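To start, the structure itself, in structure tokens.
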Amino acid sequence: MGRTAAEKRGPKYSQEEQVFVQDDGLLYKARIMKLKQTDDGKHHYFVHYLGWNSRWDKWSEEQELMPDGPESEELQKRLKDEIKQRQGAPKAAVRKSISGGGGGGSAGEGDGGGDGGGDGGAARKKPRIDTKAATEDDSELAQIKLPIPFTLKRQLVQDWENVTQEPRCLLPLPRARTAAHVLDAFIESKRGACTAAQLARFRELVDGLRLYFDRALPLILLYAHEREHHAAVVAHNKGRAASELYGAEHLLRLFTKLPALLAQTNLNSNEVGQLQAKLGEFLKYMQKNAGELFHGDYRVATEVMAELTEK
Numbered sequence: 001m002g003r004t005a006a007e008k009r010g011p012k013y014s015q016e017e018q019v020f021v022q023d024d025g026l027l028y029k030a031r032i033m034k035l036k037q038t039d040d041g042k043h044h045y046f047v048h049y050l051g052w053n054s055r056w057d058k059w060s061e062e063q064e065l066m067p068d069g070p071e072s073e074e075l076q077k078r079l080k081d082e083i084k085q086r087q088g089a090p091k092a093a094v095r096k097s098i099s100g101g102g103g104g105g106s107a108g109e110g111d112g113g114g115d116g117g118g119d120g121g122a123a124r125k126k127p128r129i130d131t132k133a134a135t136e137d138d139s140e141l142a143q144i145k146l147p148i149p150f151t152l153k154r155q156l157v158q159d160w161e162n163v164t165q166e167p168r169c170l171l172p173l174p175r176a177r178t179a180a181h182v183l184d185a186f187i188e189s190k191r192g193a194c195t196a197a198q199l200a201r202f203r204e205l206v207d208g209l210r211l212y213f214d215r216a217l218p219l220i221l222l223y224a225h226e227r228e229h230h231a232a233v234v235a236h237n238k239g240r241a242a243s244e245l246y247g248a249e250h251l252l253r254l255f256t257k258l259p260a261l262l263a264q265t266n267l268n269s270n271e272v273g274q275l276q277a278k279l280g281e282f283l284k285y286m287q288k289n290a291g292e293l294f295h296g297d298y299r300v301a302t303e304v305m306a307e308l309t310e311k
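The numbers in the UniProt record's numbering rise by one with no breaks, and the one at position 280 of the sequence shown is 280.
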């Protein structure tokens, strides 16, 4: 069998060379620590993100790398600017959803506990766009409170234990009932129970939650142990958003981060109250349907990853 062009020319980059690595739609400067060539002739590079903890070192394919130079630096800047512009979309959707008045009640007792987003502050260390406001302790964030019912808090704790404690487990993805399905089902539950105008506002809220979830999941909703799984699943499901891959378990984690995220929207006290009421309605829906939404079908991580590798 003849050798491929890649095999004939050898690796494009060398050990210790600085490059830019594509990751989640952005570019990050990194150093190549080692190289390998797989049986299919492809070159892979083990990269270390400059300025970041070595826990994020990873293998990248050659097409994910770009040479260090002015063109790559300009592309990096342009991609960051595009991300910042798109970050405004969830805020606009949330403000639109509360513009016509509130509805619903609170979501039970408690104070929205549970870390749901990474062990050891992982999301703050990963080279990603700025999520400072969503992760640091800021007394001003107390203005927005989102009580989470006890049964859902218990689900968050069980989720944490399953994913972070030995034997570490993962949820098979894509989920049979995705976050998008859950959000749509919530809207259907409101149909006939409220006016057309109220239903439209709930739909706008759901659209905002979907945007937040798709943006936040790879940034602050994954435990460190889940990131390799996320990368593999995304590679096998190109073009599908996080809300079309993950389910209620990860959607619930979003609610532990929402107070910090919503603090960036500059809502006034009246708007905050209306938004809290609507979000409380959604949490009550999750609590009422917990038996259907949370199946507990976690599997040992090595088995899940092995199956993905075989695909």
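Positions of the beta carbon are idealized from the N, C-alpha and C atoms, including for glycine. Since the model is a prediction, treat every value here as computed from it, not as a measurement.
Quick check: residue i and residue j, are their CB atoms within less than 8 Å of each other?
i           : j    : result
residue 400 : V182 : Since the first residue shown for the chain is 1 and the last is 311, residue 400 is missing from the structure and cannot be characterised.
L221        : H250 : yes
S72         : F20  : yes
H43         : E62  : yes
I144        : L262 : yes
L173        : P259 : no
A152        : L79  : Per the sequence presented here, residue 152 reads as Leu, with Ala not at that position. Contact flag unset, no.
Y45         : I32  : yes
A216        : L252 : no
A290        : Q155 : yes
L205        : K257 : no
K308        : A232 : The sequence shown places Leu at residue 308, rather than the Lys named in the question. The answer is yes: Cβ separation under 8 Å.
Q18         : D68  : yes
D207        : A241 : no
Q276        : P149 : no
Give me the DSSP bridge partner(s) of residue i.
i    : result
Q198 : In the DSSP output, where bridge partners are listed per residue, Q198 has none listed.
M66  : F20
H44  : K36, E61
K29  : F20
L170 : R299
T164 : Note: T164 sits in no beta bridge, so no partner.
Y49  : A30
T178 : G247
Pull up the CB-CB distance for residue i and residue j, whole angstroms please, since I reckon it's below 8 Å.
i    : j    : result
S243 : A301 : Actually they are not in contact, since the Cβ atoms of S243 and A301 sit about 23 Å apart, beyond 8 Å.
V272 : L170 : Between L170 and V272 the Cβ distance is about 36 Å, and since that is not below 8 Å, they are no contact.
G239 : R177 : No, G239 and R177 are not in contact; Cβ-Cβ is about 20 Å, not under 8 Å.
E64  : Q37  : Actually they are not in contact, since the Cβ atoms of E64 and Q37 sit about 16 Å apart, beyond 8 Å.
Y223 : V157 : Their Cβ separation, rounded to whole angstroms, is 13 Å, which puts Y223 and V157 out of contact at 8 Å.
R168 : H225 : 6 Å
S189 : Y285 : 6 Å
R191 : L199 : 6 Å
P11  : L35  : 5 Å
Open item on the list: To test your reading of the DSSP string, which unbroken alpha helix (DSSP H) runs of 4 or more residues are found completely within the stretch 278 to 308?
Closed with: 290 to 293
Task: Whole runs of the alpha helix (DSSP H) within the stretch 225 to 287, excluding any shorter than 4 residues - done: 227 to 236, 248 to 262
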